[in-house]
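Just so you know, the sequences run in chain order G and B. Letter by letter, the first sequence follows residues 47 to 215 in this note's numbering. Letter by letter, the second sequence follows residues 3 to 363 in this note's numbering.
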Amino acid sequence: MNAQSAPEQSAPERSGAKPNRILLPFTNQAISRRAFEAAIRLAHAEGSTIVPAFLARVPRNLPIESPLPAACAIGMPLLEAIEQRATAEGIPVDSRVSRGRTYRDALERLLEQEHFDRVIVSATDSPRQGLSQEDLGWLLGQVAAEVLILRPAPDDTRRITATGVHGHF
Amino acid sequence: MAAGVGKTYRMLLEGQAEKEAGRDVVVGLLETHGRVETQRIAEGLEILPRREIDYRGTLLEEMDLPGILRRAPDLCLIDELAHTNAPGLEHVKRYEDVEDVLAAGIDVLSTLNVQHLESLNDQVAELSGIRVRETIPDALLGHADDIVVVDLTPEELLERLRAGKVYPVERIDAALNNFFKIENLSALREVALRQVAEEVGQRRFAATTNVGSREETIASEAPRAVAERLLALVEPNPGAYRLVRRAWRSAQRLGTDLDLLWVRPPGTLSAEQENSLTALRQLASLLGARLIVEESDERARTIAAVAKRQRTTYILMGRARPPRGPARLRTPLPQQLMVLLPGVDVRIVADRAQRPTEEQE
């Protein structure tokens, strides 16, 4: 993918309005490229800011405020990879991390703290990866933002991983 | 490091060596877990009998603290330092018994798994998913004259387990499916080796002395001179997270602590800044970094004061926007810091996303 120079001023900046914020939560070592590309397209069209958010699960036997160096070793390089790709596309990025007892709990805590205009998640066939079907149902029913859930598709194997930034950040 | 690596065996070997050297050695408490090798190496050592405690109709066997104090040997071997005693004894924990033994002038050799250290318990639980309830305060280890790490590669330990040298045959499958996984053992080994490295480093600091010849003084200051501590200069804005991640990665590689500093100009924060500050706090807490917020107009001087206080050796900062107007005449912050903090490295973190691609080059 070629790097493009950032647009001089996005539409909301020109009009003085606050840019929309698109939340892109992820839980694993990779994020669906379809979800990422959907977020990029929307952000381009609306002049939005992408907010990639690493959701970390804190084991029940640890205090909720515990540092999680092992989880961070997975999440931080991927945040970096997403940020680098989005910035190269000229999209502003404002990343986040959130902890919870479950991924849904972590997402809920983040949504309670901040306002997001859109949430983009990719549904998955694998129950072990990321947000479950129940979580997605909860997201659709309870969250005061436009929720975009991408159906599982054959090209979901195309993922953005942290491989490209290993040792470089 | 973990059960089965040979801690008790090593303790008994040391005890035998001390006995051969002429010291009066007894075994205050021995847990062989039925391991033949361990039982064999204990032969020839005086083993004090345990005392029986009746707890709600169940007979429990515990170490006989009054018996050890009466016997008053030169050296006492006491296995499983983190053990919790049966209710009704002199102390709740065995390490408290050991403190009594030491106070009576008796030397003690004891054993401990790394996950039993209080400060490492959370870390090990996160890495392995298994939390132990029996812990000892780290300070106790600090009082030890010597620490010996019994190290074994995870592969060797698993081999010992499969060969029935750690647990009886009927417990092997359960052990392999629970705690004795290669990733758990690798994590424990890493934690144990790091802990010892830190311990050795601290002892070298403690040995530092300001007396003696100039050469001795310089030599004793060497460990302090190479210990790193990182300070990342942040502001509550989206660009800060990238800097924090990079600083954290550097701190991980150097095996050192990370401080984050925001020199906040006096005045109230905008809602956007409040949000960013909350996010920054979350990130710092997740990474185990310390976020320091200082309110001041004098950025360079405040940074220098904090860096001196925290004994910072390495400052990381983002690239500042090009100054405009009269600000162009001011000395840039990195240069100011180099003057105020001689001997401290200053690193300006670039935005990797702005590197030109091969095609652009």
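Cβ coordinates follow ideal geometry from the N, Cα and C atoms, glycine included. Keep in mind it's a predicted model, so treat the numbers as computed, not measured.
Assigned secondary structure, residue i (DSSP; H/G/I helix, E/B strand, else coil)
i	result
residue 78 of chain G	strand
residue 178 of chain G	coil
residue 169 of chain B	coil
residue 53 of chain B	strand
residue 215 of chain B	The predicted position of residue 215 of chain B is uncertain, since its pLDDT is 46 and thus under 50; a value taken from the coordinates is nonetheless stated next. If DSSP states are grouped into helix, strand and coil, residue 215 of chain B belongs with coil.
residue 272 of chain B	coil
residue 128 of chain G	helix
residue 234 of chain B	strand
residue 65 of chain B	coil
residue 253 of chain B	helix
residue 16 of chain B	helix
residue 297 of chain B	strand
residue 287 of chain B	helix
residue 339 of chain B	helix
residue 141 of chain G	coil
residue 6 of chain B	coil
residue 64 of chain G	coil
residue 167 of chain G	strand
residue 112 of chain B	strand
residue 323 of chain B	coil
residue 265 of chain B	strand
residue 82 of chain B	coil
residue 227 of chain B	Residue confidence for residue 227 of chain B is low, a pLDDT of 46 falling below 50, so the modelled location carries little weight; the figure read from the coordinates is stated next. Reduced to three states, the DSSP call for residue 227 of chain B is helix.
residue 334 of chain B	coil
Residue i CB to nearest heavy atom of the ligand SAM below 7 Å
i	result
residue 258 of chain B	In the structure on display, the ligand SAM does not appear, and there are no ligands present to speak of.
Interface partners of residue i on chain B, CB under 9 Å
i	result
residue 114 of chain G	128, 288, 289 and 290
Sub-8 Å separation of residue i and residue j beta-carbons
i	j	result
residue 85 of chain G	residue 168 of chain G	no
residue 234 of chain B	residue 262 of chain B	yes
residue 82 of chain B	residue 113 of chain B	yes
residue 247 of chain B	residue 125 of chain G	yes
residue 108 of chain G	residue 144 of chain G	no
residue 193 of chain G	residue 165 of chain G	yes
residue 67 of chain B	residue 109 of chain B	no
residue 157 of chain G	residue 142 of chain G	no
residue 249 of chain B	residue 256 of chain B	no
residue 138 of chain B	residue 120 of chain B	yes
residue 96 of chain G	residue 68 of chain G	yes
residue 369 of chain B	residue 311 of chain B	What the structure shows of chain B is the stretch from 3 to 363, and residue 369 of chain B is not part of that stretch, so it cannot be assessed.
residue 99 of chain G	residue 65 of chain G	no
residue 97 of chain B	residue 142 of chain B	yes
residue 169 of chain B	residue 230 of chain B	no
residue 130 of chain G	residue 280 of chain B	no
Beta-carbon contacts of residue i that lie in its chain and below 7 Å, excluding the five residues immediately before and after
i	result
residue 343 of chain B	306 and 309
residue 15 of chain B	43
residue 190 of chain G	none
residue 112 of chain G	104
residue 118 of chain B	84, 134, 136, 137 and 138
residue 117 of chain G	102
Cross-chain neighbours of residue i in chain B, by beta carbon under 8 Å
i	result
residue 102 of chain G	288
Chain-ordered neighbours of residue i on chain G, where CB pairs are closer than 7 Å
i	result
residue 243 of chain B	141
Partner residues on chain B for residue i, Cβ-Cβ distance less than 7 Å
i	result
residue 125 of chain G	247
residue 159 of chain G	280
residue 111 of chain G	287
6 Å Cβ shell around residue i - same chain, five flanking residues per side excluded
i	result
residue 298 of chain B	265 and 304
residue 88 of chain B	55, 57, 62 and 64
residue 47 of chain G	Note on residue 47 of chain G: pLDDT 35, under 50, position unreliable in the model; the coordinate value appears next. Counting only Cβ-Cβ distances below 6 Å, and skipping sequence neighbours, we find nothing.
residue 21 of chain B	27
residue 152 of chain G	101, 144, 145 and 146
residue 185 of chain G	193
Under 8 Å by beta carbon: chain G residues contacting residue i
i	result
residue 176 of chain B	Simply none; closest approach about 20 Å.
residue 275 of chain B	Correct list: empty, because the minimum Cβ distance to chain G is about 12 Å.
residue 68 of chain B	Within chain G, no residue comes near residue 68 of chain B; the closest Cβ sits about 36 Å away, beyond 8 Å.
residue 284 of chain B	142, 143, 144 and 145
Contacting residues, own chain, Cβ-Cβ under 8 Å from residue i (five flanking each side not counted)
i	result
residue 17 of chain B	27, 29, 47, 77, 79 and 111
residue 155 of chain B	191
Select from the region 127-144 of chain G all residues with a C-beta closer than 9 Å to any C-beta belonging to chain B, and list them in chain order. So the list reads 129, 130, 131, 132, 133, 134, 138, 139, 140, 141, 142, 143 and 144, given in the order they occur along the chain.
The region 307-324 of chain B: which residues have C-beta closer than 8 Å to a C-beta of chain G, in chain order? So nothing in the stretch comes that close.
Short-range partners of chain G found in the region 247-269 of chain B, where Cβ spacing is below 8 Å: 247, 248, 250, 251 and 254
Between the region 230-241 of chain B and chain G, which residues of the former have a C-beta closer than 7 Å to a C-beta of the latter? 240
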